[in-house]
Amino acid sequence: MKSILIAIAILTALLLAVIVFKDGEKYEHDVNEHRAYAAQCTAQIGPLPDFSCSDGALVPVTVNGETPEAYTPNMNCDRPALLNNGAHSDGQCVPYSRILDLSTDSMQAVAMCRQKRIRAADSLQYDELDVISHNPATGATCWFSADAKNPDEPLNGQQVPSPTAVYDVTFWNSPSVVAKDGCGNCHDNDPFMYSPFVGQVWQHVPVNPLGAYFHVAPEMGFSTWPTTAMNLRDNTCLGCHRIGVNKTCSSLTEWLTGIKKPEGADQQALHFPLSHGMPPNHDLSKRAWNTIYAESVEQIRSCCENNSQSMCRLSPIPAHPQGPITSKAATTVRP
Ligand code: HEC
Ligand code: HEC
């Protein structure tokens, strides 16, 4: 009996040792990967600073044009966030997210401190932090995100460590986790994303709608993100920016042209002109909008369904990789 117990004890100890070793190995892998990504992003785009979400602009949430007296879970609003906040959130009309422009002379960068739960107006605790950094000269783009482990353990947005300086992986997700998250499936035409929600603080979001665009460190999983655009002839939607072959031509186009109702939309959101978020702040009658854009939208949707039609004229989004670190998959150069 005793020897059986000893054997069990030894086996348990061995198992624990293996788990701890594996965890240590994973931690070390994450640290190395993070370090390598941070180094490539710094070399190709530039270092990001530490920042505080408190310096960011609050994204308003209004109902029929007014700030409601109280916010309630799963309420509707005029400009719901288009990125789904997920099953355990308070819906698409959660107030007090913030946007912070971190751009410099040579780098475009933006941080979003996302509230998915209703918290106090002055709360600096967040459910998700996202950062995009972009070099407009080459198109090099890096992606960073951090998630609260659970809703009761939100992230401290008061003192956020620079995503390119931390060599500790406890705050920012590791690059392969970010790659699996598929940021580029939605941000598929250019780095920065417009929606009526962020459009309210648009002066804090950098833009580069027609510039070169590619993802740094394809070997870490970013090569799976789409970088193809459609080049429809005489299409009035393509005058200001590209449309990609993933979410910008599907759900995003549908939500921004009144074809589908975004989750959390109130009466005002469903009513023209707010129902037609593209082009931003247009001053058109519905009849004029249809005359100018309806056919172009149908072409986009048709190419989204089946992009092998010749009218879609797909082409890779231009990229100009250069700098000390050049990576293989980033060679889709189209001058
Ligand atoms: C399902 C589509 C989708 C995915 C996936 C996605 N985003 Fe976004 N992102 C959006 C939309 C839509 C907005 C505009 C805000 C809104 O309405 O929610 C946005 C806004 C942002 C912003 C604010 C600045 C801007 O461009 O408007 C940042 C920063 C950002 N996303 C980073 C990321 C990062 C980092 C990831 C991956 C970890 C990611 N996004 C994944 C759809 C997406
Ligand atoms: C007058 C200029 C203009 C026209 C015309 C226009 N858009 Fe946009 N659109 C913008 C701007 C500006 C943005 C945000 C900047 C950017 O692309 O980075 C944007 C963003 C978008 C986005 C979100 C992806 C992103 O990169 O932010 C979609 C989807 C979109 N437009 C679809 C359309 C569709 C469909 C039409 C035609 C009905 C259209 N747009 C016509 C100016 C325009």
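For reference, each letter of the sequence shown is one residue, going 350 to 684 in the numbering used here. By construction, the Cβ of each residue, glycine as well, lies at the ideal position given by its N, Cα and C atoms.
Quiz item: L581 and C653: beta carbons closer than 8 Å?
Solution: no
Quiz item: Does DSSP put I649 in a helix, a strand or coil?
Solution: helix
Quiz item: How should C532 be labelled, buried or exposed, when 16 other C-beta atoms within 10 angstroms of its C-beta is the threshold for buried?
Solution: buried
Exercise. Consider the C-beta atom of I592 and the heavy atoms of ligand 2; say whether any pair is separated by less than 7 Å.
Key: yes
Practice problem: Output the distance between the C-alpha atoms of V408 and L605, rounded to the nearest integer angstrom. | Solution: 18 Å
Quiz item: Skipping 5 residues on each side, what residues in its chain have a beta carbon closer than 7 Å to that of D530?
Solution: S494
Quiz item: Which stretch, first to last residue, makes up the alpha helix (DSSP H) that contains D479?
Solution: Element bounds for D479: not the alpha helix (DSSP H) but the beta strand (DSSP E), E477 to H483.
Self-check item: Three-way DSSP call (helix, strand, coil) for L601 in this model
Solution: helix
Practice problem: Grab the span of the alpha helix (DSSP H) containing W574 for me, first residue to last. | Solution: Taken as a continuous stretch (DSSP letters only), W574 belongs to no alpha helix (DSSP H), as it is neither H nor E.
Quiz item: For T513 versus C402, is the C-beta spacing smaller than 8 Å?
Solution: no
Quiz item: Thinking C-beta only, is L449 closer than 8 Å to H553?
Solution: yes
Practice problem: Tell me whether H553 sits in a helix, a strand or coil according to DSSP, three-state version. | Solution: helix
Exercise. Kindly indicate which three-state DSSP category L533 falls into: helix, strand or coil?
Key: Note on residue identity: the sequence assigns Gly, not Leu, to residue 533. Helix, per DSSP.
Quiz item: Does the distance from the C-beta atom of D427 to that of Q617 stay below 8 Å?
Solution: yes
Quiz item: Do you know offhand how far V410's Cα is from R447's?
Solution: 12 Å
Quiz prompt | Cβ separation of G313 and C442, assumed to be a contact under 8 Å, to the nearest whole Å | solution = This structure cannot settle anything about residue 313, because the visible part of the chain is limited to 350 through 684.
Exercise. Kindly give me the distance between the Cβ atoms of G488 and A668, rounded to whole angstroms, as I take these residues to be in contact under 8 Å.
Key: 5 Å
Exercise. Out of P398, P417, I394 and L432, point me to the one whose CA is closest to S544's CA.
Key: L432
Exercise. Can you grab the Cα-Cα spacing for the pair H625 / D372, in whole Å?
Key: 49 Å
Self-check item: Cβ neighbour criterion (16 or more within 10 Å) applied to F546
Solution: buried
Quiz item: Three or more beta-carbon pairs under 8 Å between the region 595-612 and the region 548-568, yes or no?
Solution: no
Quiz item: Just to confirm, does Y543 get its C-beta within under 7 Å of one of the non-hydrogen atoms of ligand 2?
Solution: yes
Quiz item: According to DSSP, is C661 helix, strand or coil?
Solution: helix
Quiz item: Thinking just about the alpha-carbon of each residue, which of Y445, G405 and P417 is nearest to the one in A460?
Solution: G405
Quiz item: Does the distance from the CB of N538 to the CB of I481 come in under 8 Å?
Solution: no
Quiz item: Which residue's Cα is closest to the Cα of S525: L633, Y386 and I666?
Solution: Y386
Exercise. Consider the C-beta atom of D539 and the heavy atoms of ligand 2; say whether any pair is separated by less than 7 Å.
Key: yes
Exercise. Would you decide whether P665 is buried or exposed? Buried here means 16 or more other CB atoms lie within 10 Å of its CB.
Key: exposed
Practice problem: Could you tell me whether any Cβ in chain E is nearer than 8 Å to the Cβ of K465? | Solution: No chain E appears in this structure, which consists of one protein chain only.
Self-check item: Among P417, L451 and K610, nearest to A470 - alpha-carbon criterion
Solution: P417
Self-check item: N423 versus V412: straight-line alpha-carbon distance, rounded
Solution: 13 Å
Exercise. Could you name the residues of the same chain whose beta carbon sits closer than 6 Å to that of V509, not counting the 5 residues immediately before and after it, in chain order?
Key: F400
Exercise. Look up V410 in the DSSP assignment and say whether it is helix, strand or coil.
Key: coil
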